[in-house]
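Q: Following our numbering, the numbering of the sequence shown begins with 13 at its first residue and continues without gaps. The beta carbon of each residue, even a glycine, is placed where N, CA and C say it ideally should be.
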Amino acid sequence: MPLPLLGIALASASAAPTPSADHCALAVLHFNLQYCAGGLDGMMEQLGLDPGAFDWSDEALQDQIVVESFAPVLDLLDAHPDWSMTLEMQGLMLDVIAERHPDVLDHLRTLAKAGRAEIASFHYSDQLFLAYPREDLERSVARTQERFAALDVPLSGVVFTQEGQFGEGMADVMAAHGYTTAVIAHNLFEPQHPDVPGSLFDAGPVEAIVGRGWDDAATGASVRFTYLDDGELLATNDLNCYLGPLFVHSPAAVAAYEAEVQGLVDAGYRPEGVEACASALKAAGVAPSPLPALLDGTWQPENTDNLGLWMGGSGAFGGLDGSEDDNGVLTAGTRAHRLLHAVQAAADAAPAARPEVARRLDDAWRELALGQVSDATGWNPFGTETACGLDHLARAAALGAEAAGYLWPEAAGTTLWLDPSGARIEPPAADTDASPPPGWVDAEITDAGRPAAARWLRSGVTGLPVWEVAFEPDAFADPEVAVAFPWDGEAFRGVRALTRTPVTLPTASFALTQTGLPLGLGVVGLAPDRWLALDQATVHLAGRFDTDAATVTFEDGTLRADRGAVWRFHVATSAEEAAAAGILLNEEGPVSVEVPEVGPALPEATATGCGCAQTGPGASGIALGLALLLARRRSAR
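1) Can you tell me the Cα-Cα spacing of T389 and G232, whole angstroms?
2) Find out if the Cβ-Cβ distance for the pair T193, V286 is shorter than 8 Å.
3) Beta-carbon within less than 6 Å of D558's beta-carbon, same chain only, minus the 5 sequence neighbours each way: which residues are those?
4) Please go through the same chain and pick out, in chain order, the residues whose beta-carbon is closer than 7 Å to the beta-carbon of R575, but skip the five residues on each side of it.
5) When you compare only the Cα positions, how much space is there between E219 and E609?
6) For the structure I just gave you, are there three or more beta carbon pairs, one from the stretch 35–42 and one from the stretch 66–79, closer than 8 Å?
7) Buried or exposed, going by whether 16 or more other CB atoms sit within 10 Å of the CB of P29?
8) I'd like the span of the alpha helix (DSSP H) that includes P203, first residue to last.
9) Considering only the beta carbon of each residue, do V355 and G223 sit closer than 8 Å?
10) Got a sec, what are the start and stop residues for the alpha helix (DSSP H) I109 sits in?
11) With distance defined between alpha-carbon atoms, name the residue in R146, A154 and Y191 nearest to S168.
12) Is Q74 helix, strand or coil by DSSP?
13) Are A496 and E456 touching if we call contact CB-CB under 8 Å?
14) What's the gap between the Cα of G528 and the Cα of A126?
15) One question on the structure: do A132 and F172 come within less than 8 Å of each other, judged by their Cβ atoms?
16) On a CA-only basis, which of A413, L255 and E175 is nearest F372? Give me that one, please.
17) Which same chain residues end up closer than 6 Å to R505 when comparing Cβ atoms and leaving out the 5 residues on each side of it in sequence?
18) For E158, name the three-state secondary structure that DSSP assigns.
19) Under 8 Å by Cβ, that's how I've got G324 and E480 pegged, so tell me the actual separation to the nearest angstrom.
20) Going by DSSP in three states, Q548 sits in which element: helix, strand or coil?
21) What residue does the beta strand (DSSP E) around H35 start on, and which one ends it?
22) So what does DSSP say about F141, is it helix, strand or coil?
23) So, do the stretch 195–213 and the stretch 299–317 have three or more beta carbon pairs nearer to each other than 8 Å?
24) Name the DSSP bridge partner or partners of P518?
25) Run through DSSP, which three-state label would L306 get?
26) Candidates E502, R151, G225 and R512: which alpha carbon is nearest F522's?
27) Enumerated in chain order, which unbroken segments of the beta strand (DSSP E) with a length of 3 residues or greater are wholly contained in the stretch 534–609?
28) Please return the same chain residues whose Cβ sits closer than 6 Å to the Cβ of A296, not counting the five positions on each side in sequence.
29) If the criterion is Cβ atoms closer than 8 Å, does the pair L104 and L45 meet it?
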């Protein structure tokens, strides 16, 4: 259990005091219905073993999460009418509960309306949203809020997110949608600012609480966290859904947690939701402290290279058969976003468009959110998870193209170009040969034994010089390819995720020597007058900043030997020039659409899950052992 990590002394008292409103015992249970995205079908085969009891479908695992790990937590709250806790889930989970577990939905609704369960939900799918444009997250949040309202389940103002992602760009998105309080994982905050004490923080338009215990000397208020981790683990004795038949409710594990929380209650703490706790702290006179600058990150940056594990880093399964494909998934997400943005703009400008257009675009944005799920690229994605992400992204793009077919039926069978407003345009000017800019210092290329070559072009879209590096397939090559650019090491320069404004943050302000950042707009500054804008349709990887080596490296450890890659870096001389290029390349630029033939019928409703796994019988002791060995992926501990 996470209590020892958080350093909580759960002392019982002979004469238990009455729990105090400003002595909060907080629990944030992060549930992820896409924990094993796509199901387990194929995992054991990937290991060369009998699938046995592990050939579970996506729907079967979703149901198991709801029944074995979520419902028992609701029962725990029933047993303690004066306790509350924060239950975080994606909007998809609420839809699945409503569709297949109506009794659980009723139970959840009752607890939420009574203030017993504080429900936190920010994104519809457990997306790696720091890697993608703000529009994708905005639409995901809006879909989530619509589903909670439609199902009459109250949402709190609290935000905690998949992989513990947090970035300062989130604050504006939160405020724009009515959220009030962010929970920041302690193991994201502490590596950056180890000497900053805990507090209720002022994060601009919202407030934030770091997930660790702290005391306020001025008022005597106190906060303790009893849980901040994957919610699936609490009721299952720390096991997860990769373990198939072993992932079941453990009453003993729930009882042990219950006793530990009761110890805090006996010491005068009140189990409370995060938003209610923040209100109680302010009522007691706690003044929020300014939140120190934070780099975009996740809840285990020290052992995941921050975003690097999801954006180029290889997990445990990656080398087994080459099924992991970080850059492939992420670039597909960029291409699908650009297409949907342009077609959506065209549809919005054509109010008389056929209903098939709106239906397909709504399904397409949902598919985009599902395809951006973090588990398609990390922690340790196996083949079904990678395929799940790619399949959803392909469906998103196909639905967008079909919508274009209804908007321009006369263009069927042709390729048309759209600008960001959705207007049809002529194709952009072709790239031309170019020379490197003055003072250019070549990046170091790691080719992993495969042929690689670089050349200079002038972009017909941005007008900037482009450094293009091509990696050729090679049957004997290793999967790790990289380019390392010289960096002055003085500042983290770039655009924060979900924003468009370049920032310069001195490296001396952070207790970090290495970190992988997602790079909003694909923009990074190597020096005050040397900036890059990545074409994220070709290279969508984390930028790994290394202050000791004075480099910013882009590495893909998942490039299969039988595949090549072409990466394109646009070179700018100012932050503003790079940001403008990043917008054109990755968010709102000219895009081509291959327009299909379309028919008169509306599409069928989109399936809830990936639909890429089938349930199978049997058992395998060897497979079970390896699953136990490799199952653990993440922890806030």
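A: A quick look at the data gives this:
1) T389 and G232 have their C-alpha atoms roughly 44 Å apart.
2) Using a Cβ distance threshold of 8 Å, T193 and V286 count as a contacting pair.
3) Annotation for D558: Q526 place their beta carbon closer than 6 Å to its own, counting only its chain and skipping 5 residues before and after.
4) So the qualifying residues of the chain are P485.
5) Between E219 and E609, the C-alpha separation is close to 50 Å.
6) No, the stretch 35–42 is not in contact with the stretch 66–79.
7) Burial call: exposed.
8) Start and end: H198 to Q204.
9) For V355 and G223, no; Cβs fall outside 8 Å.
10) First-last of the alpha helix (DSSP H) with I109: G103 to R112.
11) Looking at the Cα atoms, Y191 is the closest of the given residues.
12) Of the three classes helix, strand and coil, the one that applies to Q74 here is helix, per DSSP.
13) Yes, the pair counts as a contact, with Cβ atoms nearer than the cut-off.
14) The straight-line gap from Cα to Cα measures roughly 42 Å.
15) Taking 8 Å as the Cβ cut-off, A132 and F172 qualify as a contacting pair.
16) According to the sequence displayed, residue 372 carries Arg and not Phe. The candidate whose alpha carbon is nearest that of R372 is A413.
17) In chain order, T516 and G537 place their CB closer than 6 Å to the CB of R505, counting only its own chain and leaving out the 5 sequence neighbours on each side.
18) Correct three-state label for E158: helix.
19) Actually they are not in contact, since the Cβ atoms of G324 and E480 sit about 18 Å apart, beyond 8 Å.
20) It is coil, neither helix nor strand.
21) In this chain, the beta strand (DSSP E) harbouring H35 covers S32 to H42.
22) If DSSP states are grouped into helix, strand and coil, F141 belongs with the helices.
23) These segments touch.
24) As computed with DSSP, P518 is found in a beta bridge with A503.
25) Looking at L306 - three-state DSSP - the assignment turns out to be coil, as it is neither helix nor strand.
26) Nearest of E502, R151, G225 and R512 to F522, Cα basis: E502.
27) Counting only runs of 3 or more, we get 535–539, 542–546, 555–558, 563–568, 577–584 and 603–606.
28) The beta carbon of A296 lies closer than 6 Å to those of D34, T231 and A233 in the same chain, with the five residues before and after it left out.
29) For L104 and L45, yes; Cβs fall inside 8 Å.
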